[in-house]
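2 protein chains.
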Amino acid sequence: MQIQELGEFALIERILRQLGPGNSSVVVGPGDDTAVMQVSPGAVLLATCDALVEGRHFLRAQITAEQIGRRLASVNLSDIAAMGGQPRWALASFALTDGLDTSFVEACVRGLAEQLREFGASVVGGNLTGGTELVLDLTLLGESAPECVLRRAGAIPGDAILVTGDLGAAAAGRMALAGGIPGPDAQACIARHLSPVPRVTAGMAIAASRLAHAMIDISDGFAQDLGHICDASRVGGLVELDRLPIGAATRATAAALGEDAATLALAGGEDYELICIAGADAEARLVDALGRAASVPLTRVGTIVAAGEGRWLKDSSGSSLPLEQTGWQHFGPLRRSR
Amino acid sequence: MQIQELGEFALIERILRQLGPGNSSVVVGPGDDTAVMQVSPGAVLLATCDALVEGRHFLRAQITAEQIGRRLASVNLSDIAAMGGQPRWALASFALTDGLDTSFVEACVRGLAEQLREFGASVVGGNLTGGTELVLDLTLLGESAPECVLRRAGAIPGDAILVTGDLGAAAAGRMALAGGIPGPDAQACIARHLSPVPRVTAGMAIAASRLAHAMIDISDGFAQDLGHICDASRVGGLVELDRLPIGAATRATAAALGEDAATLALAGGEDYELICIAGADAEARLVDALGRAASVPLTRVGTIVAAGEGRWLKDSSGSSLPLEQTGWQHFGPLRRSR
């Protein structure tokens, strides 16, 4: 069977079956935002990797080399943030095409190093190879206290579903860039698409508060990433449409695009915000902690329910729709060109 | 300037200038076989990455998916071995082409996981993306006691230059495979090319002995990798041609190819043996330790000299030739097609 018939998540399932058991030091193996390994009694190591492929994740006509490097850092920083960790060390592995200008590579590495440094991490090693396609791969390592690590599993019925920042701006920006939408609202969204800000400080503040039960970052899309939490925690969820935090620029750009802003917020992806699940009584303390530590808003958008109650989106009229998992998959029918 | 005009090592130099300083936990940054980071007072973390690109590092007509996976593990295991470390955790990042069969990916991962497990490591995470070219990237993490880590720097004049196993077999195998050379000698060399065995146990035994001053694994080629040690240690070297360990199958295959076996041993590359530099009086104890721990032969092939004395290859007649750095560079004039 060809991989695109199977789809990304089914392929990952098949791959995981080939791996066999990890060694005893592996606290969290494949299937969460980062792997977690015990390196000493008081510290765990977090490790994640993500790649940007030209023509698929970026077009050089639309983004500068420095922005590409920053973005490569950010998508990985976001995964460390999702576990509540402190980013520390990165390894960059690049497949470079013949004819590529050295200034491109230098600017890309400069952006990468600057964005990592902003969050306390540095490039410690890497690898270069030639290729027919530009592939920029980064592995990022982080540290955490063992008791502070947050996973996808851990949500329980009655918990609040909280989200940092706002949703849908990156997707609106991606579409505005492709469609040539002008104006300051579109520009603001395009900046969110090209230069996402990973919620590293917020993630560490949430983890340090010990108030959260589960966490994930939004890369595939809010609905799909909440689905990953529901899968791992074996729970359901009820999301209130009117509570989704959507910025004015996102609404204006969605309107200019003829798109529904709420759909972009639910399924657009690449927001790199955090979905945080916490006890309903912890909401106010978390909002306060996050405002102080990271100046990031935290909005309650719904409630965790029992698995049997399903996953629903409730609108203002009180009617409910299935919270479809409509986010991004790399292989298979849902793949979009970008 | 285009990257192929600059060459791999000059490009790496330019990249390193973009990185800025690492944080204080970085013991060894970019430029050695692995990065080394302090994670607790008694332990350091080793981290390396290396990629295999279809059409450049392998041809699917010549190697099975399982062998590709094993090879991906081995080239990274060899870098951890070069520092004397224990391999522990790996992250696999694959760019997969549409139309690729899932069975290929499964077999590749199975080979990767098996080879890692053989040396005490396991896959803890990874990433999949689509691409127009098959790129298989692995990051491997290892552990060591801080006092046991061996680097490229540390060789001093008077030291013995020692090498594990034998040289040139992988290069002979690569050429035999391309040239369709038949027979058991060629087959033995082809197996060394397709399925190199990383010297993990030997590397750890050498490190634990505390007798060595510097170490590197041979990927670019003996002469070039010894040159990396000379560069980092600011020393020269004198290699005795007749002492180079070259197996009978390698000599026979080189003859069938019309190639000089010593040239393959010096510059062929991909041997994944270790060059170990140690005090001249330590040679016998190291040979003994390695024979017991890893059943791997260790051969003295030369002597470290002062930097001003240069880098020379001495033949049996007593005449000396420059120990040219003729190994593999990914970009630039020395690039070979394979």
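Heads up: the sequence lines are chains A and B, in that order. 1 is the number of the first residue of the first sequence in the working numbering; add one for each residue after it. 1001 is the number of the first residue of the second sequence in the working numbering; add one for each residue after it. Cβ coordinates follow ideal geometry from the N, Cα and C atoms, glycine included.
Rounding to the nearest angstrom, what Cα-Cα distance links residue i and residue j in this structure?
i        : j        : result
T993(B)  : I1161(B) : There is no way to answer for residue 993(B), as the model of chain B reaches only from 1001 to 1338.
R71(A)   : L112(A)  : 8 Å
G1042(B) : F119(A)  : 26 Å
H330(A)  : E5(A)    : Confidence is the limiting factor: at H330(A) the pLDDT is only 49, short of 50, which leaves the residue's position unreliable, though a coordinate-based value still follows. Cα to Cα, H330(A) sits roughly 11 Å from E5(A).
E1309(B) : D1225(B) : 18 Å
G268(A)  : F222(A)  : 8 Å
G1237(B) : P1157(B) : 8 Å
L1134(B) : G142(A)  : 28 Å
V1305(B) : C1230(B) : 9 Å
E1008(B) : D242(A)  : 54 Å
S1316(B) : V1163(B) : 19 Å
V200(A)  : G1291(B) : 49 Å
L321(A)  : D166(A)  : 22 Å
I1012(B) : L128(A)  : 8 Å
G55(A)   : D159(A)  : 40 Å
G361(A)  : T1034(B) : In the structure as shown, chain A starts at 1 and stops at 338, and residue 361(A) therefore has no counterpart that could be examined.
G22(A)   : Q2(A)    : 28 Å
L1059(B) : G1069(B) : 13 Å
T1132(B) : H1057(B) : 16 Å
G1279(B) : R1088(B) : 30 Å
I1015(B) : S93(A)   : 12 Å
A261(A)  : C276(A)  : 22 Å
S337(A)  : Q115(A)  : The pLDDT assigned to S337(A) is 33, lower than 50, so where the model puts this residue is not dependable; a value taken from the coordinates is nonetheless given after this. Answer to the nearest angstrom: the Cα atoms are 27 Å apart.
A1212(B) : A1073(B) : 25 Å
V1287(B) : A1153(B) : 22 Å
Q18(A)   : S1122(B) : 11 Å
P1297(B) : A1202(B) : 9 Å
C1049(B) : C49(A)   : 11 Å
R117(A)  : D1185(B) : 52 Å
G130(A)  : T64(A)   : 21 Å
T1299(B) : L1140(B) : 28 Å
M1053(B) : C1189(B) : The sequence shown places Val at residue 1053(B), rather than the Met named in the question. Answer to the nearest angstrom: the Cα atoms are 22 Å apart.
P1245(B) : I1206(B) : 19 Å
L1257(B) : G20(A)   : 42 Å
R311(A)  : S24(A)   : 35 Å
Can you check which of these residues, the options, is closest to residue i by C-alpha distance?
i        : options                                   : result
G1247(B) : D1098(B), G1022(B), I1275(B) and A1265(B) : A1265(B)
A255(A)  : E54(A), G168(A) and Q115(A)               : G168(A)
E259(A)  : I181(A), D242(A) and A307(A)              : I181(A)
A282(A)  : R210(A), A267(A), N76(A) and V301(A)      : R210(A)
L1136(B) : A208(A), A207(A), A51(A) and A188(A)      : A51(A)
E1273(B) : I1012(B), A1065(B), V1075(B) and I1003(B) : V1075(B)
A214(A)  : A155(A), G131(A), I15(A) and L244(A)      : A155(A)
G183(A)  : A252(A), A208(A), V235(A) and L244(A)     : A252(A)
F1104(B) : D1079(B), S1122(B), Q1067(B) and Q1115(B) : Q1067(B)
A1208(B) : D1185(B), R1285(B), W1312(B) and S1233(B) : R1285(B)
L313(A)  : V36(A), G227(A), Q115(A) and Q187(A)      : G227(A)
Q1062(B) : V1235(B), Q1187(B), A1232(B) and G1302(B) : Q1187(B)
D1032(B) : A1232(B), P1297(B) and R1300(B)           : A1232(B)
A1010(B) : S24(A), C49(A), T102(A) and V53(A)        : T102(A)
M1204(B) : G1020(B), A1293(B) and A1065(B)           : A1293(B)
L323(A)  : T263(A), T299(A) and D185(A)              : T263(A)
State the CB to CB distance for the pair residue i and residue j, rounded to an integer number of angstroms; the pair is presumed to be in contact (CB under 8 Å).
i        : j        : result
S144(A)  : V44(A)   : 5 Å
L138(A)  : A1047(B) : Not really, about 12 Å apart at Cβ, beyond 8 Å.
A1178(B) : E1270(B) : The Cβ separation is near 13 Å, so there is no contact.
S295(A)  : P198(A)  : At roughly 15 Å, the Cβ-Cβ gap does not stay under 8 Å, so S295(A) and P198(A) are not in contact.
E1240(B) : G1302(B) : 5 Å
A289(A)  : R234(A)  : The Cβ separation is near 28 Å, so there is no contact.
V39(A)   : M1037(B) : 10 Å between Cβ atoms; not a contact.
Could you tell me whether the Cβ of residue i comes closer than 8 Å to any Cβ of chain C?
i        : result
S1024(B) : In the displayed structure, chain C is absent; the protein chains listed are A and B.
Inside the stretch 8–35 of chain A only - alpha helix (DSSP H) runs reaching at least 4 residues = Taking only runs of at least 4 residues, the alpha helix (DSSP H) segments lying wholly in the stretch 8–35 of chain A are 8–19.
ask   = Is the stretch 1202–1218 of chain B close to the stretch 1093–1101 of chain B, with three or more CB pairs under 8 Å?
value = The stretch 1202–1218 of chain B vs the stretch 1093–1101 of chain B: no contact.
query = Can at least three beta-carbon pairs, one atom from the stretch 1102–1113 of chain B and one from the stretch 1149–1156 of chain B, be found at a separation below 8 Å?
reply = No, the stretch 1102–1113 of chain B is not in contact with the stretch 1149–1156 of chain B.
ask   = For the stretch 1166–1181 of chain B against the stretch 1190–1208 of chain B, are there 3 or more C-beta pairs whose distance is under 8 Å?
value = Segments in contact, yes.
request  = Report the residue ranges of all alpha helix (DSSP H) runs contained in full by the stretch 23–105 of chain A; include only those spanning at least 4 residues, in chain order.
outcome  = Counting whole runs of 4 or more residues, the stretch 23–105 of chain A contains the alpha helix (DSSP H) stretches 65–82.
query = Could you give the uninterrupted runs of the beta strand (DSSP E) lying entirely in the stretch 110–160 of chain A, keeping only those of 3 residues or more?
reply = Listed in chain order, the complete beta strand (DSSP E) runs (minimum 3 residues) inside the stretch 110–160 of chain A are 122–131 and 135–144.
message = For the structure I just gave you, are there three or more beta carbon pairs, one from the stretch 1021–1035 of chain B and one from the stretch 1081–1090 of chain B, closer than 8 Å?
response = Counting Cβ pairs under 8 Å, three or more are found: they touch.
query = Hey, which unbroken runs of the alpha helix (DSSP H) at 4 residues or more fall wholly within the stretch 167–224 of chain A?
reply = Complete alpha helix (DSSP H) runs here, min 4: 169–179, 184–194 and 200–209.
message = What ranges does the beta strand (DSSP E) occupy inside the stretch 1212–1297 of chain B, keeping only unbroken runs of at least 3 residues that lie completely in it?
response = When DSSP assignments are scanned along the stretch 1212–1297 of chain B, the uninterrupted stretches of beta strand (DSSP E) that are 3 or more residues long and fall wholly within it turn out to be 1212–1217, 1235–1240 and 1274–1278.
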